[in-house]
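Engineer: Numbering follows my numbering, in which position 10 of the sequence shown is assigned residue number 31; successive positions increment by one, without gaps. Even glycine gets a Cβ: it sits at the ideal position worked out from N, Cα and C. Questions regarding the structure given below will be posed in turn.
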Amino acid sequence: MPRLATNNASSAPLATTKSAKTRARILDATAHILCRKGFSGTRLSDIADRAECQAPAIYYYFESREDLIEEVIWQGMAHLHDHVRKALKAASSVSPAERLNIALEQHLRFILTESDYTMAAIRNAAQMPIELRDRQLAEQQKYAVLWRKLFRDVRTAGQLRPGVDERLARMLILGSLNWSTEWWQPRGESVDTLVQNAKRMLNGGFLKEVDNEVD
């Protein structure tokens with residue numbers, strides 16, 4: 022963490038605010054570039070240009086380029102998990118199948134429109150050096166637990182189609198949702214259209230009759 026000025030009473034709070042804003046700009050810039058240029062194409066000089074700072078100043082906040090990227094990827098995973106968890110908490114009274122549809126919609130909308138961090142995480146997580154993946158993998162495991170419970174609850178409620186393997190269904194659904202970050206373009210199909218078709222895939226292929234059309 023950066024050292025703060027302590028030569029007078031008012032400079033420390035000011036430095037703290039300025040420091041936090043600079044750090045946030047560096048992270049935002051990294052997320053923006055990482056989700057567009059990938060792990061190997063993300064350069065500190067580009068990050069510095071976008072963050073409006075000098076490249077050496079980045080080392081004041083992060084020990085290395087890899088540590089900076091690790092922070093972005095971890096935040097991307099954590100933000101997605103938190104977003105979907107909150108959406109499900111607000112819909113605790115609906116059926117398991119409806120909750121699964123809510124999770125699908127919130128996951129897809131978030132990764133495509135809400136967060137450069139999460140898109141960067143999905144596109145680049147596997148490229149991180151293994152020694153820097155501890156927090157990322159821990160967050161992925163927590164998010165996987167959430168989805169395993171969603172599918173388990175659907176099965177327990179008798180809303181899963183006969184013969185459907187819930188683990189395979191979960192992997193297929195999440196894999197297809199995450200792959201959309203590679204091909205979807207804002208000038209093409211709307212996110213609403215993607216959500217509607219993803220729900221049809223889920224409901225028509227894996228769940229028993231459920232009315233979950235997009236409003």
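Kindly indicate the opening and closing residues of the alpha helix (DSSP H) around Phe172.
Structural biologist: As a working note, residue 172 is residue 151 in the sequence shown. Start and end: 155-177.
Engineer: Excluding the five sequence neighbours on either side, which residues of its own chain have a C-beta within less than 6 Å of the C-beta of Ala76, listed in chain order?
Structural biologist: The sequence position of residue 76 within the sequence shown is 55, counting from 1. Same-chain partners within the cutoff: Leu65, Ser66, Ala69.
Engineer: Which residue wins for smallest C-alpha separation from Leu228, given the options Trp205, Ala118, Leu89?
Structural biologist: For the purposes of this step, residue 228 is identified with residue 207 of the sequence shown, where counting begins at 1. Of Trp205, Ala118, Leu89, the residue nearest in Cα terms is Ala118.
Engineer: Counting along the chain, where does the alpha helix (DSSP H) carrying Arg86 start and finish?
Structural biologist: Along the sequence shown, one-based indexing puts residue 86 at 65. From DSSP, the alpha helix (DSSP H) with Arg86 extends over 86-110.
Engineer: What residues in its chain sit with their C-beta under 8 Å from that of Ser197, if we drop five residues either side in the sequence?
Structural biologist: The sequence position of residue 197 within the sequence shown is 176, counting from 1. Result list for Ser197: Ala219, Met222, in chain order.
Engineer: Which stretch, first to last residue, makes up the alpha helix (DSSP H) that contains Trp205?
Structural biologist: Indexing the sequence shown from 1 puts residue 205 at position 184. Trp205 -> no alpha helix (DSSP H), and no H or E assigned at all.
Engineer: Just the Cα atoms here: how many angstroms apart are Arg188 and Gln161?
Structural biologist: To locate residue 188, count along the sequence shown from 1; it is residue 167. To locate residue 161, count along the sequence shown from 1; it is residue 140. C-alpha separation (whole angstroms): 16 Å.
Engineer: Starting from Ala76, follow the alpha helix (DSSP H) in both directions and report where the run begins and ends.
Structural biologist: On the sequence shown, residue 76 is found 55 positions in, with the first residue counted as 1. No alpha helix (DSSP H) contains Ala76, which DSSP labels as neither H nor E.
Engineer: Roughly how many whole angstroms lie between the Cα atoms of Arg182 and Gly226?
Structural biologist: One-based indexing of the sequence shown puts residue 182 at position 161. One-based indexing of the sequence shown puts residue 226 at position 205. Distance between the alpha carbons of Arg182 and Gly226 is about 8 Å.
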